[in-house]
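Participant:
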Amino acid sequence: MSMRLYDTARREVVPFTPNETVLMYTCGITPYDATHLGHASTFLFYDILQRRLIDLGHTIRCVRNVTDVDDPLFAKARELGVHYLDLAAGEEARFNRDMEALEMLPAYSTPRASSAITDIRKFIGLVLDRGYAYAVGGSVYFDVTKVPTFGEVSHYSHEQMIEFARQRGGNVDDPQKRNPLDFVLWHPSAEDEPAWDATWGAGRPGWHIECSALALRDLGTTIDLHGGGSDLIFPHHECERAQSEAATGETFVKHWMHVAMVFKDGEKMSKSLGNLVFVDQLRTEWDPRSIRIAIIEHHYRTEWEWDDTLMPRSEGRLTRWVASVGGSSSDLLDSVRACLDNDLDTPRALA
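The working numbering applies: residue 3 is where the sequence shown begins, and numbers increase by one.
And the structure:
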């Protein structure tokens, strides 16, 4: 039985049959605060996927970026009165400690957006030369009307895309845009923000272009699987696909995989809302293995709500396993493998 995974773009569970070396890109953190359970959930499911693929004989080349050029980071650095790169370095180190404590496999590379400015400028030049973008007022915008397939990752209606873009930094009312859904590839920096020279004007890259440039640089034109939280489906991943295929003329991603959101107090767990459960606090009280169990008792495509009974229940389950396991039988391992091959069915694997 081959591995089968849900593909967001195709909207169905399909065989996942990559070559021996699997090229993966997962969107990483914007390092302006501590790692929360939503981050841990997302990266844990990709960790489990990688472990199963290694078990099947594959080599994994997983790139997980660090978004160290972005509005929330600059705002937090401004609030704290520190340099944005110092803040980013500290929070990235904190994130890495949390991932190590949770026994996550290390990524093949974890490039920072700030390391790719030359690549980003080159990428934008390609998109401009191919007629998919336009420059105005020191900014460069991608023209979504040039891509008839725009929307085929998310399958959202035009109205839904407008609303999500408005909520997620798309600035749909920008008067310089030709169309509300056009998105920024490059724009002028504020006075206290970093700026780099470019032929279309000094400034900094937009959010979406950073991941496209890093994926192209570190993995090539076509990758086997692109992942991230489900909140990145639109606009981030939709825009990534559009600009990447505009620049290269090749398929960008063969398989799109997204992990559902974790909720607390009825709202998505997020830094902007402040309803967070921090990993570094959890692991001072609980065995990191029980944190993994608490997460994977939920299916990766199912949204779930954090509550205070979750960790005691998971710790109890771990204690019983440790007390009873004297060696894993081949039948048990085969059963777990079969569950993971069926759209990464971790709840059934735990049952």
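Beta carbons are placed, not taken as given, at the ideal position from N, Cα and C, and that holds for glycine.
Which same chain residues, not among the five before or five after Leu-89, have their C-beta less than 8 Å away from its C-beta?
Facilitator: Excluding sequence neighbours, Leu-89 sits near Pro-33, Tyr-34, Leu-75, Lys-78, Ala-79, Leu-82.
Participant: Going straight from the alpha carbon of Trp-209 to that of Ser-326, what length do you get?
Facilitator: So the two alpha carbons sit approximately 49 Å from each other.
Participant: To which residues does DSSP link Val-338 through a beta bridge?
Facilitator: Note: Val-338 sits in no beta bridge, so no partner.
Participant: Please report how far the alpha carbon of Tyr-302 lies from the alpha carbon of Ala-262, in whole angstroms.
Facilitator: Each residue's alpha carbon lies about 6 Å from the other.
Participant: Please list the terminal residues of the continuous alpha helix (DSSP H) segment that includes Gly-30.
Facilitator: Per DSSP, Gly-30 belongs to no alpha helix (DSSP H) and is neither H nor E.
Participant: May I have a chain-ordered list of the alpha helix (DSSP H) segments no shorter than 4 residues that lie completely inside the stretch 212-262?
Facilitator: DSSP runs (the alpha helix (DSSP H)) wholly in the stretch 212-262: 240-250.
Participant: What runs of the beta strand (DSSP E), each 3 residues or longer, lie entirely inside the stretch 268-322?
Facilitator: List check, beta strand (DSSP E) in window: nothing returned.
Participant: Using the C-alpha atoms, what's the distance from Asp-310 back to Leu-334?
Facilitator: Roughly 30 Å between the two C-alpha positions.
Participant: May I ask which residues mark the beginning and end of the alpha helix (DSSP H) holding Tyr-48?
Facilitator: 39-57 is the extent of the alpha helix (DSSP H) around Tyr-48.
Participant: Excluding the 5 residues flanking Arg-219 on each side, which residues of the same chain have their C-beta closer than 7 Å to its C-beta?
Facilitator: The answer, listed in chain order, is Ala-118, Asp-121.
Participant: Buried or exposed: where does Val-38 fall if 16 or more other Cβ atoms within 10 Å of its Cβ makes it buried?
Facilitator: For clarity, residue 38 is His in the given sequence; the question names Val instead. Buried, by the Cβ-count rule.
Participant: The beta strand (DSSP E) spanning Val-264 covers which residue range?
Facilitator: Looking at the DSSP string, the run of the beta strand (DSSP E) that includes Val-264 is 264-266.
Participant: Go through the stretch 132-162 residue by residue and report every complete run of the beta strand (DSSP E) that reaches 3 residues or more, in order.
Facilitator: Those beta strand (DSSP E) runs which fall completely within the stretch 132-162 and span 3+ residues are 135-138, 141-144.
Participant: Mind checking which residues open and close the alpha helix (DSSP H) that includes Glu-94?
Facilitator: Glu-94 -> alpha helix (DSSP H) spans 86-103.
Participant: Could you give the residue range of the alpha helix (DSSP H) that holds Phe-76?
Facilitator: Looking at the DSSP string, the run of the alpha helix (DSSP H) that includes Phe-76 is 73-82.
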